[in-house]
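K.L.:
Okay, here's the structure, questions in a sec.
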Amino acid sequence: MEIKEHYSLKEHHTFKIPVQARYFTEARTADEILELSRHPVFRSQEKLVLGSGSNVFFTKNFEGLVIKIAIPGIEITKRQDAYAIIRAGAGVNWQELVDWSLQQNFAGLENLSMIPGTVGASPIQNIGAYGIELKDVCEGLEAMDLESGEIREFTSEECRFGYRNSIFKNELRGRYAILAVSLKVSDLSAPGVTYRPTASYGDLKTKLESMDPKTLSPRLISETVSEIRRTKLPNSTLLGNAGSFFKNPVLAEERAKQLIREHPQVPWFKDSQGTKISAGWLIEQCGWKGKRVGNTGCYEKQALVIVNYGAATAKEILAFAYNVQSSVRETFGIELAPEVNII
Ligand SMILES: Cc1cc2nc3c(=O)[nH]c(=O)nc-3n(C[C@H](O)[C@H](O)[C@H](O)COP(=O)(O)OP(=O)(O)OC[C@H]3O[C@@H](n4cnc5c(N)ncnc54)[C@H](O)[C@@H]3O)c2cc1C
């Protein structure tokens, strides 16, 4: 395996900040990672496992070894009654997996259409959109312990998924390289299986209301989600960003009720984790939507996305994000936590 030195990461993360990795390599198989683990650079350096860099914010050069995971492959490992288990390599592009599953007439991934990134990163923050999270479809995963080289299987429960959270962001942060993820999807080709869409969420609900429920299909949901996302989110090849910079705050029952009483127009939704308040709305109320400061700012169509207008430095973006956070705290007494991985 080739280890590159002083390697530019600009094309390996969507925020497009000009940073370098002291060492950089790409792994296409678990054996390659094992081989790499015997290399002196691996043994002596801090390591960062990277997918396609759409959820990272590099604040400086990375003075260690970046291991980009490029493990390919999608297969059906089990087909039983109404469902199928699919296993995808960590380096597979998430949308490629969604498209593949639609071609197989599987249902379950369509609400997660057009989320940028790789399959291997999807469990890290338990990706979610339009009422579905990875945890709803994840059957388990295989990962390599970067300390011992052992490959371990994790069940979905062992991943301890939460809202944009998992064990890999907490106790096991940086410890494992995820090699493959298994997903349980409905097999619409199986006899007697009918499609049950999740279509009651925000903009998706509004778009689908005018349609005959009998005509809803995974492909239609996928296309509708993609259409909504295209109108709301920046294309990171044109405008650097890492998606939502902050998480939606989850408030305690009483505090949520009070906020909703004071601001009846605030978008909120309840799920198993509590009452989530739209962080985008809070930021917008503080006047940040579409506001540009130097080379950075909040995206004009979605205040939750901080963008790089081309030449932004990490310092500029950090200062901007800090100001956004402070004004939400001062106006609403709510602390916004970053969703993006700050490195
Ligand atoms: C425009 C835009 C829209 C987005 N919309 C959504 C959305 O709707 N919902 C949502 O949940 N997210 C969203 N995101 C965030 C992002 O798409 C996801 O977090 C995605 O899973 C990141 O994948 P990645 O391969 O780019 O991961 P990276 O950014 O490369 O890595 C993210 C984290 O995972 C770790 N990691 C990556 N691969 C592995 C691996 N194989 N093994 C172990 N650790 C690994 C990294 O160390 C890092 O901590 C959006 C991002 C953008 C830019």
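First residue of the sequence shown? That's 86 in the numbering used here, and the numbers climb one at a time after it. Just so it is clear, CB atoms sit at the ideal spot from N, CA and C, and this is done for glycine as well.
May I ask you to check if the CB of residue 249 is nearer than 7 Å to at least one heavy atom of ligand 1?
P.N.:
Yes, the Cβ of residue 249 comes within 7 Å of a heavy atom of ligand 1.
K.L.:
Alpha carbon to alpha carbon, how far is residue 129 from residue 92?
P.N.:
Going from the Cα of residue 129 to the Cα of residue 92 covers about 18 Å.
K.L.:
Say yes only if the C-beta of residue 364 is nearer than 7 Å to one or more non-hydrogen atoms of ligand 1, and no if none qualify.
P.N.:
Flag unset: Cβ of residue 364 not near ligand 1.
K.L.:
May I have the straight-line CA-CA distance separating residue 359 from residue 291, to the nearest angstrom?
P.N.:
Those two C-alpha atoms are separated by around 23 Å.
K.L.:
Since residue 183 is in the alpha helix (DSSP H), which residue starts that stretch and which ends it?
P.N.:
From DSSP, the alpha helix (DSSP H) with residue 183 extends over 179 to 188.
K.L.:
According to DSSP, is residue 133 part of a helix, a strand, or is it coil?
P.N.:
Three-state DSSP puts residue 133 in a strand.
K.L.:
From this set, 122, 208, 193, 313, which residue's C-alpha is nearest residue 252's C-alpha?
P.N.:
That would be 208, whose Cα lies nearest to the Cα of residue 252.
K.L.:
Is any heavy atom of ligand 1 found at a distance shorter than 7 Å from the C-beta of residue 333?
P.N.:
It does not: the Cβ of residue 333 is nowhere closer than 7 Å to a heavy atom of ligand 1.
K.L.:
Starting from residue 410, trace the alpha helix (DSSP H) both ways and give me its first and last residue.
P.N.:
Counting along the chain, the alpha helix (DSSP H) containing residue 410 begins and ends at 399 to 417.
K.L.:
Considering Cα atoms alone, identify which of 299, 284, 176, 96 is closest to residue 193.
P.N.:
Ranking 299, 284, 176, 96 by Cα distance to residue 193 puts 284 first.
K.L.:
Where residue 461 and residue 336 are concerned, what is the direct C-alpha to C-alpha distance, given to the nearest angstrom?
P.N.:
Any question about residue 461 goes unanswered here, given that the chain covers just 86 to 428.
K.L.:
Short check: CB of residue 154 to CB of residue 176, under 8 Å?
P.N.:
Taking 8 Å as the Cβ cut-off, residue 154 and residue 176 qualify as a contacting pair.
K.L.:
Of all Cβ atoms in chain D, is any one closer than 8 Å to the Cβ of residue 249?
P.N.:
Here there is only one protein chain, and chain D is not present.
K.L.:
Keeping to the same chain, check which residues put their C-beta closer than 7 Å to that of residue 330; ignore five residues upstream and five downstream.
P.N.:
Result list for residue 330: 389, 390, 391, 406, 423, 424, 425, in chain order.
K.L.:
Closer than 7 Å: is that where the CB of residue 109 sits relative to any heavy atom of ligand 1?
P.N.:
No; taking the cut-off as 7 Å, the Cβ of residue 109 has no heavy atom of ligand 1 nearer than that.
K.L.:
Report the three-state DSSP secondary structure of residue 423 (helix, strand or coil).
P.N.:
Note: residue 423 maps to strand in three-state DSSP.
K.L.:
Does the distance between the C-beta of residue 210 and the nearest non-hydrogen atom of ligand 1 fall short of 7 Å?
P.N.:
For ligand 1, at least one heavy atom lies less than 7 Å from the Cβ of residue 210.
K.L.:
Beta carbon of residue 352, beta carbon of residue 419: below 8 Å?
P.N.:
Not closer than 8 Å, so no.
K.L.:
Taking the alpha-carbon positions, what's the residue 135 to residue 319 distance?
P.N.:
Using only the alpha carbons, I get a separation of about 22 Å.
K.L.:
Using a Cβ-based criterion (distance less than 7 Å to any ligand heavy atom), does residue 201 qualify as near ligand 1?
P.N.:
At least one heavy atom of ligand 1 is nearer than 7 Å to the Cβ of residue 201, so yes.
K.L.:
If you draw a straight line from the alpha carbon of residue 304 to that of residue 184, how long is it in whole angstroms?
P.N.:
Rounded to the nearest angstrom, the two C-alpha atoms are 9 Å apart.
K.L.:
Looking at the secondary structure, which residues open and close the alpha helix (DSSP H) in which residue 353 lies?
P.N.:
Taken as a continuous stretch (DSSP letters only), residue 353 belongs to no alpha helix (DSSP H), being part of the beta strand (DSSP E) at 353 to 356.
K.L.:
Count the other C-beta atoms from every protein chain shown that fall within 10 angstroms of the C-beta of residue 217, then say buried if there are 16 or more, exposed otherwise.
P.N.:
Per the 10 Å Cβ criterion, buried.
K.L.:
Unbroken beta strand (DSSP E) runs of length 3 or more, entirely within the stretch 230 to 279: which are they?
P.N.:
Taking only runs of at least 3 residues, the beta strand (DSSP E) segments lying wholly in the stretch 230 to 279 are 236 to 240, 261 to 272.
K.L.:
So, helix, strand or coil for residue 341, using DSSP?
P.N.:
Helix.
K.L.:
Counting beta carbon pairs with one atom in the stretch 228 to 248 and one in the stretch 112 to 121, are three or more of them shorter than 8 Å?
P.N.:
A contact exists between the stretch 112 to 121 and the stretch 228 to 248.
K.L.:
Does DSSP put residue 97 in a helix, a strand or coil?
P.N.:
Reduced to three states, the DSSP call for residue 97 is helix.
K.L.:
Keeping to the same chain, check which residues put their C-beta closer than 7 Å to that of residue 222; ignore five residues upstream and five downstream.
P.N.:
Same-chain partners within the cutoff: 193, 194, 268, 269, 270.
K.L.:
Return the first residue and the last residue of the alpha helix (DSSP H) that residue 105 is part of.
P.N.:
Looking at the DSSP string, residue 105 is not in any alpha helix (DSSP H); the run it does join, the beta strand (DSSP E), is 105 to 112.
K.L.:
State yes or no: is the C-beta of residue 207 nearer than 7 Å to some heavy atom of ligand 1?
P.N.:
Residue 207 Cβ: within cutoff of ligand 1.
K.L.:
Assuming residue 395 and residue 99 are in contact, meaning their beta carbons sit under 8 Å apart, how far apart are those beta carbons, in whole angstroms?
P.N.:
The pair is not a contact, with the Cβ atoms about 14 Å apart (cut-off 8 Å).
K.L.:
From the DSSP secondary-structure annotation, give me the bridge partner or partners of residue 378.
P.N.:
Partner(s): 381.
K.L.:
Given 8 Å as the limit, is there contact between the stretch 136 to 144 and the stretch 161 to 171, that is, 3 or more CB pairs closer than that?
P.N.:
With the cut-off at 8 Å, the stretch 136 to 144 and the stretch 161 to 171 do not touch.
K.L.:
Using only the heavy atoms of ligand 1, determine whether one of them is closer than 7 Å to the beta carbon of residue 384.
P.N.:
Because no heavy atom of ligand 1 lies under 7 Å away, the Cβ of residue 384 does not count as near it: no.
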